[in-house]
Amino acid sequence: MKKISVDHLARVEGNGGISATIDGKVVSDVKFSIYEGPRLIEKLTIGLTPEEDVSMSPRICAICSLSHKNAVLRSMENALNIKIHPKSYLCRELMHMGEMVESHSLHTYYLSLPD
């Protein structure tokens, strides 16, 4: 049996590794690990006004900033029992879909395909 390990994977958010056990021509075991420690971003929002929180939370991640902003808005709306207009909901969904297209394109064309 032969064991192959790669402790550092390029283009993985956080730290990642992979190991595989090969018995002849058969792969008998594969372990893929991503290690990303807690960011504890919630602690940074303590004491902020709702307006400041909505502005600060999208800075958690540059690629999916809109998703973080929507999460904060939705949690505040749920906590305060605020009902938004259906068109506002659809507008947020449309922006979220656009962000997904951007994120998937970035991942595919700049992070995956070059390899």
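Each residue of the sequence shown is one higher than the last, beginning at 19 in our numbering.
Idealized CB from N, CA, C, for every residue including glycine.
Just so it is clear, the structure is predicted and the values come from calculations on it, not from any experiment.
Assigned with DSSP and collapsed to three states, THR126 falls in helix.
For the set HIS114, ILE59, ILE40, the Cα lying nearest the Cα of ASN88 is the one of HIS114. Contact check for HIS86 and SER75: beta-carbon distance about 5 Å, within the 8 Å limit, so the pair qualifies. Less than 8 Å divides the Cβ of SER121 from the Cβ of ILE81. Under the three-state reduction of DSSP, THR39 is assigned to strand. Taking ILE78 as reference, the option from LEU62, VAL44, ASN33 with the minimal CA-CA separation is LEU62.
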